[in-house]
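Trainee: Pasting a structure here, questions to come.
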Amino acid sequence: MTTATPAPSSPAPEPGKLRKTGKPEESGRTAPTASGSGPDREGPPGRPGPAARPAARRLLVLALLALVAIPLAASAWGSGSWPDALTYDVRPPLDELDAWLVDNRESHWLFLYFLLHISNNAVLAVDGVLALLQGLGWTGVTAGAAALAWFAGGADLGRRALRTAATALGTFAAIGLLDLWAPAMETLALMAVAVAAAALIGAALGLAAGLSDRCERLLRPVFDTMQVMPAFAYLLPFVLLFGIGTPSALIATVIYAAPPMARLTSLGLRGADPAALEASASLGANAWQRLVTARLPLARRQMLLGLNQTIMMCLSMVVLASVIGAGGLGDEVFTALSRVDVGQALGPGIAIVLIAIWLDRTTAAAGARLDDTSAPASRGRAWTVRAAAAALVAAASAAGSAALGRQWPEQWTVSVSAPVNTAVDWITDNLGSGIPLIGGTVTWSENFARWVLNPLRDGLQGAPWWLLLLAAAALALLTGTWRTAATAVAALAAIGAMGLWPTSLNTLSQVLAALVVTLLPGVAIGVLAARVPWVDRAIRPVLDVMQTMPQFIYLIPVVALFNVGRTAAIIAAVVYALPAVIRITAQGVRETDPGALEAARSMGASTGQQLRHVQLPLARPALLLAVNQGVVLVLAIVVIGGLVGGGALGYDVVYGLQKSELGIGLTAGAAIVCLGVLLDRVTQPAATRDRR
12 MTTATPAPSS PAPEPGKLRK TGKPEESGRT APTASGSGPD REGPPGRPGP
62 AARPAARRLL VLALLALVAI PLAASAWGSG SWPDALTYDV RPPLDELDAW
112 LVDNRESHWL FLYFLLHISN NAVLAVDGVL ALLQGLGWTG VTAGAAALAW
162 FAGGADLGRR ALRTAATALG TFAAIGLLDL WAPAMETLAL MAVAVAAAAL
212 IGAALGLAAG LSDRCERLLR PVFDTMQVMP AFAYLLPFVL LFGIGTPSAL
262 IATVIYAAPP MARLTSLGLR GADPAALEAS ASLGANAWQR LVTARLPLAR
312 RQMLLGLNQT IMMCLSMVVL ASVIGAGGLG DEVFTALSRV DVGQALGPGI
362 AIVLIAIWLD RTTAAAGARL DDTSAPASRG RAWTVRAAAA ALVAAASAAG
412 SAALGRQWPE QWTVSVSAPV NTAVDWITDN LGSGIPLIGG TVTWSENFAR
462 WVLNPLRDGL QGAPWWLLLL AAAALALLTG TWRTAATAVA ALAAIGAMGL
512 WPTSLNTLSQ VLAALVVTLL PGVAIGVLAA RVPWVDRAIR PVLDVMQTMP
562 QFIYLIPVVA LFNVGRTAAI IAAVVYALPA VIRITAQGVR ETDPGALEAA
612 RSMGASTGQQ LRHVQLPLAR PALLLAVNQG VVLVLAIVVI GGLVGGGALG
662 YDVVYGLQKS ELGIGLTAGA AIVCLGVLLD RVTQPAATRD RR
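For the sequence shown, my numbering assigns the number 12 to the initial residue and increments by one for each residue that follows.
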C-alpha cells in the first residue's frame, strides 16, 4: 500500500502504506520563500495570519447560526442522546432485502444472467490457479517463486537478484516447515486472480483519468470515499449479493485494491515529461503512438509502484476476507484468534508476513532494476533467461513430485503452537500483573480502559447530540470549507438516524484514544528522524517491515501481551498507524526551506528555536496530513479489533457476517463508513482537498 511524490492532481496516500520508494504527499504545500513565508505562515505574535482569518470568520458565522438553531433543536427534540424522533430503523428493510436475495438467487434474471456468471467465473479462475499450483507441487512452486524473484532482481549473479531469490526460497521453506502449505496455496491462488483483475481494472481507470480531465473529476470523489472506508466495510455488500465464499472475497478484494493502481497510473501519465511528448509529436506520432511510445514508458515507475500497492492491499484483504469464507492462511488466523489461541495463530501469521515481505521485495527489486541502466540486457538474452527459468521450474516440479510428492513432506514440519502458548502463559503469569511499581501488561490494559477509554466513551455518549454536531462542524471549518462542514455534519447525523449513536460513539472514543497515543510518539520520532540521520537509518528497516504486514496480523502479538479487549485493539491500531505518521512527519520537517533555516541561524536561533519557530510551523500541512492518515489507519484497525473484544461497530459487523444477520452487519458497516468520512473531513488539510 504506497504513494509517490504528487503532481497537482495527485491522490492522497493509500491507507497504511507510504512506501520507501516514494515521498509522502505534502497536502498541496507550497514551498516557502527564503524568508520563511508561505501560504500557511502565521502572522506576527498576537495577530492571526492570512490563513487563520477566513477560518475565524467562518467560525463566527457558525456561532451565530448555533445561537438560533440550538435552542430550537433542544426545545423540539431535547438535549440528551440522539432523539428517537429523528431515528429510522433500517434493519427490517435490509433483512427483507437479504431474504429476497436468498429466495431469488437461483431464479431471478439478475442472478441468472449477470451475478451468477461473475460468481462462477470467479470460482473457476481461483480453482484453476489453485489446480496449477497443486500440479506444480511444492518444489515447482518454490522454484517458480525463486525464479520470478531472481528475474525481477535483474536475472544475474548480482547481490540484488540473489538476495531477492533467497527471500523467495526462505519464504516458501518457512511455509512448508510450519505445515501450512495447503492453506498458503489457497491464499496465493486467490491473490493471483485478485491482483491480475485489480491491476487491469486499475490500469484502465488510471488510463482514463490520466488522459481525460472529465474522467479524472468523476473518479476522484469515488477514490476519495474508498480511501476512508475500512476494509471490513467492503465485505458486507458483496456477502449480500453473492453469499459467503470465494466470489464475495475476490470481488471485495479487487474493488479494495484497484484504486492505488488507478491513481498512480493517472499520476504517472499526467506527470510525463512535456519535452518528451513534444519530441514525439514533432516526429509525427499520433495520440495513440505518443501514448504507447512516450507516456506509458515514462509512467512505468509510477505504475509499478501502483502494482506494489495493489499487491499488498490484495494480500491484506484476502487475509481479512477469511471472515466470509475465503479460506487460506487468514482462516487459520481467524479460527485461532476466535479461540484466543495465540500459538495456533502465530504460525499462519508468520507465513502471511513472509509472503508480504517476499512480494514487496520482488516488486521493489523490479522497480530498482528499472532505474539501473548501467548494463541493460539484450532482448535475446532476456528470452534466453526466461526459457532457462521455465525449464528449471518444470524440471524441479517433475523431479520433486516424483521423489518427494506434490505436498510438502509431513516429516519436514515443525509445530510452534505448544511452545508459543507456553511462552504466552509465562508472559501472562509473570508480566501481566504483579510486577512491583509498574504492574504489568494486563494491569496497564485494565487501567487504560478504566481511566481513559471509559471516561472518554461516557463523556461522548453523555454529551448533547447537538453539541457533537456543532463540534464536528467547527472542526471541519477549521481545516476546510462550508461544504466540508456540511459533509461532516451529515455523516454524523446519518449515524444517529440509523439508531447507532451510542455504539458509534464507543468506536469514536477508541479511535480518538488510539490517535492521541499514535501521534505523541509518531510526531516525536518523525521529528527526531528528520534531524538525526542515524535515527532515520536505524528505524527505516523497522518501518519497512511494519508497512508490509497485513492489518489482521497486528492483532496476534497484542493479544498475547494484553489479552483480548478494547486496549488490545487500540495498541494494534497504534502500531499499524505509526509508520505513516513517522514518515509523513519526517518528510515534512526534513523538507523545510533551507533559506528559512539559514535566516533563523543567522539571527542566533538555537536548535530548539529553529524547530519550534521555523521547521514545525512550515511543516504544518505535513503534520495535518499525518493526523489525517493516522485517523484513517487507526479506524481500520479499531474496527477489526471487534474480532478480539473491541466491541462497538466492529463487533456488530463480525456478528452480522458470522450469524448472517446482515441487517445488523450492513447498518454497522454504513456507520463505519460515515464515521470514516466524518474523521477524514475534520482532519484533512484544506489544501489537499482543494487539489483533489
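Here a beta-carbon is modelled for each residue, glycine too, at the ideal position from N, C-alpha and C.
#1: For Q521, is the classification buried or exposed, using 16 other Cβ atoms within 10 angstroms of its Cβ as the cut-off for buried?
#2: Contact defined as beta carbons within less than 8 Å: I believe T373 pairs with A160. What is the distance between those atoms, to the nearest angstrom?
#3: Using CA atoms only, rank isn't needed, just tell me which of I438, L247 and V684 is closest to M509.
#4: Consult DSSP for G450 and reduce its assignment to one of helix, strand or coil.
#5: Specify the secondary structure class of V425 as computed by DSSP and reduced to three states.
#6: Taking the straight line between their C-alpha atoms, what separation do you get for V265 and A484?
#7: Give a yes or no on contact between the segment 318 to 326 and the segment 248 to 261, applying the rule of three or more CB pairs nearer than 8 Å.
#8: What whole-angstrom Cβ distance do V645 and Q626 have, given they're in contact under 8 Å?
#9: Tell whether a beta-carbon distance below 8 Å holds between P5 and G674.
#10: With a cut-off of 8 Å on the beta carbons, I'd call Q695 and T490 a contact; round off their distance for me.
#11: Output yes or no for whether 8 Å exceeds the beta carbon distance between L566 and L288.
#12: Report yes or no: do three or more beta-carbon pairs, one from the segment 465 to 480 and one from the segment 90 to 104, lie closer than 8 Å?
#13: Please go through the same chain and pick out, in chain order, the residues whose beta-carbon is closer than 7 Å to the beta-carbon of R703, but skip the five residues on each side of it.
#14: Around the Cβ of M272, are there at least 16 other Cβ atoms within 10 angstroms (buried) or fewer (exposed)?
#15: What is the DSSP secondary structure of M614, reduced to helix, strand or coil?
#16: Nearest-angstrom Cα distance between G164 and A176?
#17: On the three-pair Cβ rule with 8 Å, is the segment 408 to 420 touching the segment 327 to 342?
#18: Taking the straight line between their C-alpha atoms, what separation do you get for L307 and L211?
#19: Verify whether the separation of the beta carbon atoms of V425 and I335 is less than 8 Å.
#20: Can you tell me the Cα-Cα spacing of A502 and Y662, whole angstroms?
#21: Could you give the C-beta distance for V329 and A205, rounded to a whole number, given that I count them as a contact under 8 Å?
#22: Thinking just about the alpha-carbon of each residue, which of G615, A682 and A166 is nearest to the one in T395?
#23: Kindly indicate which residue of R542, A549 and A376 has the alpha-carbon position closest to the one of G169.
#24: Starting from the N-terminal side, write out each stretch of the beta strand (DSSP E) that is 3 residues or longer and does not extend beyond the segment 609 to 654.
#25: In or out: F125 buried (at least 16 other Cβ within 10 Å) or exposed?
#26: Take G537 and list the residues in its own chain whose beta-carbon comes closer than 6 Å to its own, dropping the five residues that flank it on each side.
#27: Please determine, among L660, G680 and R380, the residue with the shortest C-alpha to C-alpha distance to L516.
#28: Buried or exposed for P19, going by 16 or more other Cβ atoms inside 10 Å?
#29: Given a cut-off of 8 Å, decide if L70 and L488 are closer than it, judged by their beta-carbon atoms.
#30: Find the nearest neighbour of L173 within the set L201, V353, W369 and H119, judged by alpha-carbon distance.
#31: Is it buried or exposed for L229, if we count other Cβ within 10 angstroms and need 16 for buried?
#32: Hey, which unbroken runs of the alpha helix (DSSP H) at 4 residues or more fall wholly within the segment 272 to 311?
#33: Between D371 and T182, is the Cβ-Cβ spacing less than 8 Å?
#34: Have a look at R301, Q621, T603 and S617 and flag the residue whose alpha-carbon is nearest the alpha-carbon of L629.
#35: Let's see if you can read the secondary structure: which residues bound the alpha helix (DSSP H) around T98?
#36: What do you get for S118, buried or exposed, if any count of 16 or more other CB atoms within 10 angstroms of its CB means buried?
Mentor: From the atom records:
#1: Around the beta carbon of Q521, 16 or more other beta carbons sit within 10 angstroms, so the residue counts as buried.
#2: The Cβ separation is near 5 Å, so the contact holds.
#3: Looking at the Cα atoms, V684 is the closest of the given residues.
#4: G450 carries a strand assignment under DSSP once its states are collapsed to helix, strand and coil.
#5: Correct three-state label for V425: coil.
#6: Spanning the two alpha carbons is a distance of roughly 34 Å.
#7: Segments in contact, no.
#8: By a beta-carbon distance limit of 8 Å, V645 does not contact Q626. Their separation comes to about 25 Å.
#9: Residue 5 lies beyond the range of the chain shown here (12 to 703); nothing can be said about it.
#10: 6 Å between Cβ atoms; contact.
#11: It is not a contact, given that the beta carbons lie outside the stated cut-off.
#12: Between the segment 465 to 480 and the segment 90 to 104 there are three or more C-beta pairs closer than 8 Å, enough to call the two in contact.
#13: At R703 the pLDDT is 45, less than 50, meaning the model places this residue with poor confidence and gives no usable figure here.
#14: When all chains shown are included, M272 counts as buried.
#15: Coil at M614, not helix or strand.
#16: Take the alpha-carbon of G164 and the one of A176: they are about 8 Å apart.
#17: Counting Cβ pairs under 8 Å, fewer than three are found: no touch.
#18: Cα to Cα, L307 sits roughly 14 Å from L211.
#19: No. Outside cutoff.
#20: Spanning the two alpha carbons is a distance of roughly 21 Å.
#21: With a Cβ gap of about 6 Å, V329 and A205 count as contacting.
#22: Closest in C-alpha terms to T395, from the list G615, A682 and A166, comes A166.
#23: Among R542, A549 and A376, the Cα nearest to that of G169 belongs to A376.
#24: Correct list: empty.
#25: Note on F125: under 16 other CB atoms within 10 angstroms of its CB, so exposed under the neighbour-count rule.
#26: The residues are I593, T596 and A597.
#27: Minimum Cα-Cα distance from L516 among the listed residues L660, G680 and R380 corresponds to L660.
#28: With a pLDDT of only 36 at P19, under 50, the local geometry of the prediction cannot be trusted, and the value read off the model is given with reservation. Classification for P19: exposed.
#29: Yes. Within cutoff.
#30: Closest option to L173, Cα to Cα, is W369.
#31: A residue is called buried when at least 16 other Cβ atoms come within 10 angstroms of its Cβ; L229 does not meet this threshold and is exposed.
#32: Here the runs fully enclosed are 285 to 293 and 298 to 301.
#33: In this structure, D371 lies away from T182, with their beta-carbon atoms at least 8 Å apart.
#34: Per the C-alpha coordinates, the member of R301, Q621, T603 and S617 positioned closest to L629 is T603.
#35: Neither: T98 is in no alpha helix (DSSP H) and is coded neither H nor E.
#36: So S118 counts as exposed.
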